[in-house]
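Here the structure comes first, spelled out in structure tokens, and everything after it is commentary.
Residue numbers (the numbering used here): 4 to 111.
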């Protein structure tokens with residue numbers, strides 16, 4: 004079953020372009036490793052001023068587990084760009100899980 008990981012982050016003022024460049028470089032250097040682990044798609048979504056969600060679509064939850072070292076490497080590379088989210092969250096608010104329902108709205 005398809006799985007997703009979603010990570011909410013807030014970048015420091017002036018770091019938005021650096022965050023985008025970081026992920027562009029990461030996918031160029033480690034994209035094949037992510038693909039081999041089972042990543043299908045990656046999206047970086049701007050959700051507000053300085054706020055982003057990082058979304059990965061995977062073949063299954065085991066794929067997320069397999070790619071964990073690359074995801075930690077990515078976080079370590081962007082940590083200096085991020086602001087603390089408060090509420091004892093630190094600089095990221097990650098969630099992940101398996102899809103329980105999917106709908107292709109163009110064919111549904």
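The C-beta atom is built at its ideal place from N, Cα and C for all residues, glycine as well.
Bridge-paired residues (DSSP) for residue i
i          : result
residue 62 : DSSP output for residue 62 lists no bridge partner at all.
residue 48 : 56
residue 68 : According to DSSP, residue 68 bridges with nothing at all.
residue 40 : Note: residue 40 sits in no beta bridge, so no partner.
residue 92 : Residue 92 is not bridged to any residue.
residue 3  : The question about residue 3 has no answer, for the chain in this structure spans 4 to 111.
residue 11 : 56 and 96
Delimiting residues of the beta strand (DSSP E) encompassing residue i
i          : result
residue 18 : It is not in any beta strand (DSSP E) - residue 18 carries neither H nor E in the DSSP assignment.
residue 97 : 96 to 101
Rounded separation between residue i and residue j - CA only
i           : j          : result
residue 55  : residue 77 : 15 Å
residue 107 : residue 50 : 23 Å
residue 66  : residue 40 : 5 Å
residue 22  : residue 81 : 7 Å
Problem set entry | Validate contact between the stretch 99 to 107 and the stretch 70 to 89 using beta carbons, cut 8 Å, 3 pairs | When C-beta atoms of the stretch 99 to 107 are compared with those of the stretch 70 to 89, fewer than three pairs fall below 8 Å, so the two segments do not count as touching.
Problem set entry | Touching by the beta-carbon criterion (3+ pairs, under 8 Å), the stretch 79 to 89 and the stretch 7 to 16 | Contact between the stretch 79 to 89 and the stretch 7 to 16 is present: three or more C-beta pairs spanning the two stretches fall below 8 Å.
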